[in-house]
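Undergrad:
Residue numbers (our numbering), protein chains in the order written: chain U, 13 to 207; chain W, 5 to 114.
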């Protein structure tokens, strides 16, 4: 365990060098933030899903779950948290959960809109497919991915391309679908991720 | 009562699925066909799965509650993977150089 933490610390290129002068407390805090906290959070998420999927609460099945979740979270905690965990993460998740009902409502409205287009007799006059481009002010990877997936989930708009700097190319099916972009959805995502 | 709501939700889901299938046939090109194909299914799936979950948890025992949660998990995972898959398909189309269909008069007066 201790060997692994040391190896992890020296291998990680993002971490600033910890000189001999810094106190042991800071080093422990660094190790905790970089390695242990992601492992713990990943473990609890995985174990929750295990309990939900297995539905059996006898000792044998739970211990099997604990062992496999520990192994998986030990080896692949860096998939879920590619950046060091900071204090804001629970807050971000809470605000993200508040964002979901609004997204579902938007999906529902846009579904009815596309449904009307599909079943309309003069469909070919109503639709006007094209690719539009715009620049988003979102910065972090996570918020850009959320924004792109939200655009694609909303019917009438599909994200064609996203760059890391926030350039979006979106295929829209008619003018009404494209007018809402980036607009309120971007604002709400920016609020959820604290940007 | 629960069963009536579940059946209504299932029929709403079927309506959206049917709309998606009709849209795939009616829309003019590859890109616009992805709109009903990828996305009307999400609303249809949400409603159909909500109906099935309601029908399952109707006796409120522990195991049926777990089954209901699992059905909701299907919705969560489809909502994560479906836009990613749609984006992968449309990106493949753009990379292959397929030009999107636009209205003729727009092409004459750019």
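All residues carry an ideal CB built from backbone N, CA and C; glycine is no exception.
Quantities reported herein were computed from a predicted structural model and do not represent experimental measurements.
Output the residue ranges of the alpha helix (DSSP H) runs that lie fully inside the region 27 to 90 of chain W and measure 4 residues or longer, sorted by chain position.
TA: 34 to 39, 45 to 60
Undergrad: So, are the CB atoms of residue 126 of chain U and residue 43 of chain W less than 8 Å apart?
TA: yes
Undergrad: Is there a Cβ from chain C that is less than 8 Å from the Cβ of residue 91 of chain W?
TA: In the displayed structure, chain C is absent; the protein chains listed are U and W.
Undergrad: Comparing the C-beta of residue 79 of chain W with each C-beta of chain U, is any distance below 8 Å?
TA: With 8 Å as the cut-off, residue 79 of chain W does not count as an interface residue toward chain U.
Undergrad: Counting contacts by CB-CB distance shorter than 8 Å, is residue 126 of chain U in contact with chain W?
TA: yes
Undergrad: If we call anything under 8 Å between Cβ atoms a contact, is residue 98 of chain W one with residue 172 of chain U?
TA: yes
Undergrad: Determine, using beta carbons only, whether residue 67 of chain U comes closer than 8 Å to chain W.
TA: yes
Undergrad: Count the C-beta pairs between the region 62 to 80 of chain U and the region 153 to 168 of chain U that are closer than 8 Å, then say yes if the count reaches three, no if not.
TA: Contact between the region 62 to 80 of chain U and the region 153 to 168 of chain U is absent: fewer than three C-beta pairs spanning the two stretches fall below 8 Å.
Undergrad: Using a Cβ-based criterion (distance less than 7 Å to any ligand heavy atom), does residue 110 of chain U qualify as near the ligand MN?
TA: What this structure holds is no ligand at all, so the ligand MN is not there to describe.
Undergrad: Who does residue 183 of chain U pair with in a DSSP beta bridge?
TA: Note: residue 183 of chain U sits in a beta bridge opposite U:143, U:170.
Undergrad: Excluding sequence positions up to five away, which residues of its chain have a Cβ less than 8 Å from the Cβ of residue 19 of chain W?
TA: 48
Undergrad: Around the C-beta of residue 23 of chain U, are 16 or more other C-beta atoms found within 10 angstroms, so that it is buried, or is it exposed?
TA: Because the pLDDT of residue 23 of chain U is 49, which lies under 50, any placement of that residue in the model is unreliable, and the question is left without a value.
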